[in-house]
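Asks: The following block contains the structure, expressed as structure tokens.
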Amino acid sequence: MQLDHTLSVPAPVDVVWTALLDPEKVAPCMPGAKLTGVEGDTFTGTVKVKLGPVALTFKGTGRYVESDEQNHKAVIEANAKDTRGNGTVSATITIVLTGDGDRTDGTVHTDMTVTGKPAQFGRGMISDVGGKILQQFASCLSDKLGPQAAEPAAAESVPNEKVPSGTPAAATTPPDGTAPAPPSAATAQSTGTGTAHSGTKPQPETEPLDLMEFARGSVIQRLVPIAVVAVVAIVVGVVSSRTVRRRNRSRSASCGRRSNACGRRSGACGRRKK
């Protein structure tokens, strides 16, 4: 299944490109998605999907197979499987970004294979739903990377208290002369070395992606022509049945008149014989 979509983010292309290569930044913008781990170019996560009364949880793995910074092109391979065996999804996603000042436009080409319950939507509806999800994703990125996100970030970067230069805050000695406390676990992790993104921040629980809600407009658009055809068929059927009834009545009346005429003729013939 081949799908093509576009997105637009009000931020410079270099900023969007850097965010695109950071799963911890883009995962919260995907409806129903939760990042569970990142190791180098590979990441793992879950996606909760609500399909009417059925709730599905897909666990999968993604990998950046190509990252062309010069052309701002990224290729991602992803595979996921429902935990209850109700379906699988595999996709190769090619994203190309184009910058125009403080605006970035992107094309997203997806080569997807879907099995199980999600496959009942069909290509057309999956494309429509995918477009709406991508619009929500771009809107979330705009909130994180756009101009409106710069002001709060600048305000938070201003320190509340000045620390004398050359004296680290963690190295200050308590007034009672005791030894300074050891650094916290969070500080130790932030200053330690190791594989990039080897430890991800705990992700909050996400609301399931309601596919029926996203597909509502598409379902209505597809049902309208069917409803029109059904109405036309009913009207044609009613008109046809009325026409047939009228014809049957006309034939019955004609046969009745013919029978009466034959009866009168038979009576006349009998009188002549007498």
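Just so you know, my numbering puts 102 at position 104 of the sequence shown, and the rest follows in order with no gaps.
In this text, a Cβ means the ideal position worked out from N, Cα and C, and glycines have one as well.
Can you give me the start and stop residues for the alpha helix (DSSP H) that THR81 sits inside?
Replies: First-last for THR81: undefined, no H or E at that position.
Asks: Decide if VAL51 is buried, meaning its Cβ has at least 16 other Cβ atoms within 10 Å, or exposed.
Replies: Before going on, a small fix: residue 51 reads as Pro here, not Val. With fewer than 16 Cβ atoms within 10 Å of its Cβ, PRO51 is classed as exposed.
Asks: Taking all protein chains shown into account, do 16 or more other C-beta atoms lie within 10 angstroms of the C-beta of PRO145, making it buried, or fewer, making it exposed?
Replies: That one is exposed.
Asks: Three or more C-beta pairs closer than 8 Å, one from the stretch 29 to 40 and one from the stretch 84 to 96: is that the case here?
Replies: Counting Cβ pairs under 8 Å, fewer than three are found: no touch.
Asks: Determine the burial state of ALA78: buried for a count of at least 16 other Cβ atoms within 10 Å of its Cβ, exposed for fewer.
Replies: With 16 or more other Cβ atoms within 10 Å, it is buried.
Asks: The alpha helix (DSSP H) with MET(-1) in it runs from where to where?
Replies: That residue, MET(-1), is in no alpha helix (DSSP H); it is neither H nor E in DSSP.
Asks: Give me the Cβ distance between ALA53 and LEU19, rounded to the nearest whole Å; I'm assuming they're in contact under 8 Å.
Replies: With a Cβ gap of about 31 Å, ALA53 and LEU19 do not count as contacting.
Asks: Can you have a look at GLY38 and say buried or exposed, based on whether 16 or more other CB atoms are within 10 angstroms of its CB?
Replies: Exposed, because fewer than 16 other Cβ atoms sit within 10 Å of the Cβ of GLY38.
Asks: Got a sec, what are the start and stop residues for the beta strand (DSSP E) GLY60 sits in?
Replies: First-last of the beta strand (DSSP E) with GLY60: 52 to 66.
Asks: For the putative contact between THR113 and ALA89, defined by C-beta atoms under 8 Å, what is the C-beta separation to the nearest angstrom?
Replies: In fact, because the Cβ distance is near 12 Å, the residues do not count as touching under 8 Å.
Asks: I believe SER6 touches ALA117 by the beta-carbon criterion, under 8 Å. Please report the beta-carbon distance rounded to the nearest angstrom.
Replies: Wrong, their Cβ atoms sit about 30 Å apart, outside the cutoff.
Asks: For the candidate residues LEU132, VAL106, LYS142, LYS115, whose alpha-carbon lies nearest to that of GLN0?
Replies: Answer by Cα proximity: VAL106.
Asks: What are the start and end residues of the alpha helix (DSSP H) that includes ALA136?
Replies: Start and end: 120 to 143.
Asks: Is the CB-CB distance between ASP103 and THR16 below 8 Å?
Replies: For ASP103 and THR16, no; Cβs fall outside 8 Å.
Asks: In or out: VAL24 buried (at least 16 other Cβ within 10 Å) or exposed?
Replies: Per the 10 Å Cβ criterion, buried.
Asks: Classify ALA117 as helix, strand or coil using the three-state DSSP reduction.
Replies: Of the three classes helix, strand and coil, the one that applies to ALA117 here is helix, per DSSP.
Asks: Could you tell me the boundaries of the beta strand (DSSP E) in which ALA9 lies?
Replies: First-last for ALA9: undefined, no H or E at that position.
Asks: What do you reckon, are the CB atoms on VAL14 and LEU143 nearer than 8 Å?
Replies: Contact flag set, yes.
Asks: Measuring only the C-alpha atoms, how far is THR176 from CYS27?
Replies: Its pLDDT being 47, under 50, THR176 is placed unreliably by the model, and nothing is read from it.
Asks: Tell me the rounded alpha-carbon separation between ARG282 and GLY99.
Replies: This structure leaves residue 282 out entirely; the chain is present only between -1 and 272.
Asks: Quick check on the DSSP output: the beta strand (DSSP E) that includes GLY43 runs from which residue to which?
Replies: Residues 40 to 49.
Asks: When you compare only the Cα positions, how much space is there between LEU139 and VAL127?
Replies: Whole-angstrom Cα-Cα distance: 19 Å.
Asks: Starting from the Cα of LYS57, find the closest Cα among SER125, GLN134, THR44 and give me that residue.
Replies: Nearest option by C-alpha distance: THR44.
Asks: With which residues is HIS70 paired in a DSSP beta bridge?
Replies: Answer is none; HIS70 lacks a bridge partner.
Asks: If distances are taken between C-alpha atoms only, which option among GLU67, LEU49, ALA76 comes closest to ASN84?
Replies: Ranking the options by Cα distance to ASN84, first place goes to LEU49.
Asks: Measure the C-alpha to C-alpha separation of ALA9 and ARG101 and round it to an integer number of angstroms.
Replies: ALA9 and ARG101: Cα-Cα distance of roughly 5 Å.
Asks: Count the other CB atoms, across all protein chains shown, that sit within 10 Å of the CB of VAL11; report buried if there are 16 or more and exposed otherwise.
Replies: Per the 10 Å Cβ criterion, buried.
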